[in-house]
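Asker: In our numbering, the protein residues as written are 5 to 1039. Every residue, glycine too, gets a C-beta built ideally from N, C-alpha and C. Since the structure is predicted, the reported quantities are computational estimates derived from the model, not experimental observations. Can you keep this structure in mind? I'll have questions shortly.
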Amino acid sequence: MNLPLEFRQAVRRGLLIAVSAVALFTSDESALAQSVDIPILTWTQRSDWINVVSSINPATGLPYGADPTGAADSTVAIQAALTEAARGYNSDRTVYLPAGTYKISNTLNWQGTNTPWTYGASSVTLVGCGRNTVLRWYGTSGLPMFWTKGATRTRYIGLAWDGRGIASCAYEASSSISYEGRILHQNESFRNFTVPGTYVTGETIPAAGIVGGLSIENNTPDAEVMIWNCLFQNCTNGLIVGYEEYNNYQWEIRDCEFETCGTGILCNDGKTIILNDHFQGSTVTDISTGAGLDQTVKRCTSVGSKAFFTVGFGGSDTPQMVEDCWVDSWTGTGGAIVIGSRGPVCLTDVKLTNPPNTNPPIVCNNSPSCPLELVVSNVYCPTITNLINPGPASTTTTIPLGSRLGDITSLSSPSITFLQTTWPADSTHILDVTKAPYNAAGNGTTDDSAAIQHAINDAKTANNGSIVYLPSLTNYNTFLVKSTLAAGGSNYTIQGSGLNSGVTWGGATSGSGAVVINNANPQNVALEQFVIHAPATVTEVLETSTGASNATYDGLYCYGIGAYNQDGLGLVLSNLAAGSQVYADHLDSPLTVSDSGPAEILCNFALQGRLIVNGATHPKTGFFGILDFQGGTATNDSSHWDVEVDDNQDLVIGHYYEEQGYNHLQVNRGAATGTTPGRVTIEGVKQNFETTGNTGIQINNYLGRVMYGPTAFVNSFGLPVTQTGTNAVDLILAFDTLGGAAPALSITSACRLIETADIISSSPVTYPTPIMPTGAAASIAAGLDHQRQLGWEDLKMRYGIENTVTNPSAEADAVNPSPNSIIGYNPAGWTVSNSVLTGGGARNATVVNGASPFGAGAQSILYLDTTGSTLGSRLQLSQNTAALASGEGAVMTFDFQLNPLTSLNDDVWFRVFAGASTSMSVHLTANSTNGALSAVVGGITKSLTTLSLSKWYRLRAVIQPPNSGGSAHVQLYLYQWTSSGPSSVALYNSGVIDGMSAPGSSGFTSVLFNLVGPGENTSINLDNLTLVAGDPLLD
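Structure, rendered in structure tokens:
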């Protein structure tokens, strides 16, 4: 039930709300009033589903009889279906609510009923039709609509919960039976939960759409909870994580919308990763967390809330991370980001616009006895110079901007939403392997290899989006497979109904035949929602490719025989070629990525198993990263590591949780040759090792950079770190909390240690002196760039949002000390043609100090010709951008300043090319008095507006897709920086300029600045150059 890869790439416009295209930093009323809804879902009913309307209830012999018209009360009917699905030995484990409105008058619940099944309702699913399946409360005020008790590995999909201002919450998790984990809420809406809960004696529970971690009867925690693509509207709290119970960790809240709630997300006693969410009109705050809780907030937007991120007052030291977030028009006068803890708190790529006053938007509200470590990089508010109120005791560490910008903060508006309002229809071609002509036995003893392979072959031949379906089986049986299943092919899915849909391997346990599923050269092939049981020596899924390919994995469990398989092989991605893409939404498996450097591999939520990256045969021209990781080894010896990076490979992890571990991270030079450095960059919330004999970080002759931070190392002893070899390596331990003592280091002179903004947590809390040798800040900035790249890949692969220009602001480049007399110092990633020194001047495009005030940087590119000579060739500055499809439009943005010169004669064209064709072109001219912007309109070159010298402008061009040809046009918006900040209304927004005159077969491929001729006596600063596909201005 995951989005196909090509759907994510092609239909990203359904994920964003169209916004006003006039104002650069303002939010209009339509943006503030916007409201979206979850998608409509359509289903083909499976053989193991219980339809609450029409399926036969075995207890009565009659249909369950729920009423989808909303006239009759459906509580008893739905509860009967839930109870039947929760019986442990039952094969029907999915409860289906067809489209309609269901009247609910008493709390529904899910828990085990039969004696052998003492651990609650495991691996069950409740599914509806998105916004067309509404559950509406008509019961007693203050009660929850649904209570789950020990229901682990469960899924809730496509349900619209309406509390009607009477129910306290839609979903309440409280269990004394067992730990609940791997819970999925997807495509659900939660509306009108505003009445405090009265269902606990002597206690009042805050109202919320979802309440997790409630302590009623000696509860166990709820962890590894996925809340994806959900809407929370008009709730006192959108959701509460760990209200009373600790260890509610790894809640991933992604692609969600929070509208007009009090608090969007209340992290009372839990650890969360909050990704790609939009908040609007929160009357208390968007995100609230306690002082001792680690939270990661990335790529979020907020409009019109009282505050964005609030950390409670307290002495605990835990890292908090806010990255690539845009906060607009907050209403609280006390700040948009308020921090009451020690930290470290890291704010990177945070844009704050339209404040309610001139007070600092970032407020340090910690106790004087608990000094705060605050880290900022590329934090920007266009109208406020003093961004931080340091409070009574804080230290701010500023890290310079690297060679990348934040992606969300590079877009045109903070009013975008990530909630997907459309969804692909379910396939109508369900190939159930237990039905004719396949007739798999599913009894755990008969070899079902041939039957399942038959269905896979039929799906390949049909090439029509078929689903090879593995239903859940009675008595916990699985499908026995003794021969490798040959997947590959194109346009189909192998799908189960969750952890009760299982394949058990009965074939070879070693050698080339020890593979359960061979997914060779897949083209839009997905494996989702089933488990494979195999010995640790067996590869459960092997993916290879000889050319471009794509595959997705979601809810794939690679377990052992009757146990977890943390040290097994699990999923192996091997020798993936250039053009191969792999996306894993939820992966419960060990993972090996071998010799797949040219491929693009992105994992969202990866759990349960060690991670290995190796291979030295292919170039590292692709990407591999994990957004949210919780895995590691279960074996305590020197050959097993939670994460092992060999052969100088690269790895980036955006959020890592590990506890009760052993040897943690090993990076090795291995078989790598050459001088290409490696990059290992990890942010986390908790890393814990069992004994003093384990090693936290081991570096064996690795060349490059290893950055670990921010994270919390919670050992009672110093973090053990060893490094050997002669290759130069930067070891960065930055923005970390260190449990009991300073790191226990054993390193050579080849290792450059970098530490800053760390805290040692043992009593008394201490703040180590930073270790920042020359170049340390730039190395940390490069590590943050690696995290930015992870964010870019997430937005690119899942939404089609992509900035195709590299090094847009030249912040990491060396500065030319004398641009009029020295050539070179060119911006990395750009091509500068025809530079020369002659006539007492320079013709060059070079990096200089001084940056556009439209961003937070300190450097820009100076496009200069002071030679006065017409000899030679005209100056060109160009870049071959990442190629887009011909059907993709893009938004080009760049900042410029026309500088005064004696006999100034700027005459410069800026163009965006699609192959050999110009798809967008504007002309900048100037004399000693003023300048002008001109372009071709209706086939005639026209002056559009007059420009002032020594003033910064931002030009934004919305370029239609090249394949739209004769109908294509370019919409221009121009903004000037004034004494009070950016102009609120564009100087030129009254029309369009000409685009491509005929349809093009190529997407955008390059950008170019060039003089009309040499010796034009030109001086223009350029900054923040981006070409973004997926910007909301395109909609």
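Identify every residue that forms a DSSP beta bridge with Trp141.
Answerer: Note: Trp141 sits in a beta bridge opposite Ile108.
Asker: Could you check whether Thr871 and Gly1017 sit closer than 8 Å to each other, using their CB atoms as the reference points?
Answerer: no
Asker: Determine whether the beta carbon atoms of Cys265 and Cys239 lie at a separation below 8 Å.
Answerer: At the C-beta level, Cys265 and Cys239 come within 8 Å of one another.
Asker: For the putative contact between Ala930 and Thr1009, defined by C-beta atoms under 8 Å, what is the C-beta separation to the nearest angstrom?
Answerer: Rounded, the Cβ-Cβ distance is 29 Å, inconsistent with contact.
Asker: Quick check on the DSSP output: what are the complete alpha helix (DSSP H) runs of length 4 or more inside the stretch 45–99, in order along the chain?
Answerer: 79–90
Asker: Identify which residue in Ser431, Ser416, Gly201 and Trp232 has its Cα closest to the Cα of Glu192.
Answerer: Trp232
Asker: Residues bridged to Tyr473 by DSSP?
Answerer: Asp436 and Gln499
Asker: What residue range is occupied by the uninterrupted alpha helix (DSSP H) comprising Asp332?
Answerer: First-last for Asp332: Gln324 to Asp332, but that is the beta strand (DSSP E), not the alpha helix (DSSP H).
Asker: Count the C-beta pairs between the stretch 575–584 and the stretch 553–563 that are closer than 8 Å, then say yes if the count reaches three, no if not.
Answerer: yes
Asker: When you compare only the Cα positions, how much space is there between Gln49 and Ile471?
Answerer: 12 Å
Asker: Assess, as a yes-or-no matter, whether the stretch 298–315 is touched by the stretch 271–278 under the definition of 3 or more beta carbon pairs within less than 8 Å.
Answerer: yes
Asker: Quick one: measure Cβ to Cβ for Ser505 and Ser476, integer angstroms, because I've assumed they're closer than 8 Å.
Answerer: 5 Å
Asker: Let me check understanding here. Comparing Cα to Cα, which of Ile616, Glu377 and Phe628 lies closest to Ser643?
Answerer: For Ser643, the nearest C-alpha among the options comes from Ile616.
Asker: Pairing CB atoms from the stretch 79–99 with CB atoms from the stretch 487–496, are three or more of them under 8 Å?
Answerer: Segments in contact, no.
Asker: Cα-Cα, which of Pro372, Cys368, Pro359 and Thr413 is closest to Val383?
Answerer: Thr413
Asker: Answer with buried or exposed for Thr438, where buried requires no fewer than 16 other C-beta atoms within 10 angstroms of its C-beta.
Answerer: buried
Asker: Thinking just about the alpha-carbon of each residue, which of Phe1013, Ser345, Ile343 and Trp334 is nearest to the one in Pro360?
Answerer: Trp334
Asker: By Cβ distance, which residues of its chain are closer than 6 Å to Thr730, with the 5 residues on each side in sequence left out?
Answerer: The answer, listed in chain order, is Ala754.
Asker: Which residue comes first and which comes last in the beta strand (DSSP E) that contains Gln691?
Answerer: Gly682 to Phe693
Asker: Could you check if Leu66 is buried or exposed, using at least 16 other CB atoms within 10 Å of its CB as the buried criterion?
Answerer: exposed
Asker: Among the residues of its own chain, which have a CB less than 7 Å from the CB of Leu484, if the five just before and after it don't count?
Answerer: Gly448, Thr449, Thr450, Asp451, Asp452, Thr508 and Gly510
Asker: Between the Cα of Ser825 and those of Glu815, Ala832, Val836 and Gly844, spot the shortest distance and give me the residue it belongs to.
Answerer: Gly844
Asker: Less than 7 Å separating the Cβ of Cys755 from some heavy atom of the ligand NAP?
Answerer: Among the components modelled here there is no ligand, and therefore nothing to report on the ligand NAP.
Asker: Looking at the unbroken beta strand (DSSP E) that takes in Asn461, where does it start and where does it end?
Answerer: Run containing Asn461: none in the beta strand (DSSP E); it sits in the alpha helix (DSSP H), Ser453 to Ala466.
Asker: Between the Cα of Asp96 and the Cα atoms of Pro323, Gly308, Ala125 and Pro404, which residue gives the shortest distance?
Answerer: Ala125
Asker: If you reduce the DSSP assignment to three classes, tell me which class Thr30 lands in.
Answerer: Because Thr30 carries a pLDDT of 30, less than 50, the predicted location of this residue cannot be relied on, and no value is offered for it.
Asker: Quick check: what's the CA-CA separation for Thr548 versus Ile605?
Answerer: 13 Å
Asker: Who are the Cβ neighbours of Ser514 in its own chain at under 6 Å, not counting the five residues just before and after it?
Answerer: Around Ser514: Thr541.
Asker: According to DSSP, is Arg135 helix, strand or coil?
Answerer: coil
Asker: Looking at the structure shown, is Ala786 part of a helix, part of a strand, or coil, going by DSSP?
Answerer: helix
Asker: What's the call for Asn196, buried or exposed, on a 16-neighbour Cβ count within 10 Å?
Answerer: buried
Asker: Is it buried or exposed for Asp641, if we count other Cβ within 10 angstroms and need 16 for buried?
Answerer: So Asp641 counts as exposed.
Asker: On the CB-based measure, 16 or more other CB atoms within 10 Å of its CB, does Ser983 come out buried or exposed?
Answerer: Ser983 comes out exposed.
Asker: Identify every residue that forms a DSSP beta bridge with Lys355.
Answerer: Trp330 and Tyr384
Asker: Ser882 by DSSP, collapsed to three states: which one?
Answerer: strand
Asker: Could you please give the first and the last residue of the uninterrupted beta strand (DSSP E) stretch that includes Cys755?
Answerer: Cys755 to Thr760
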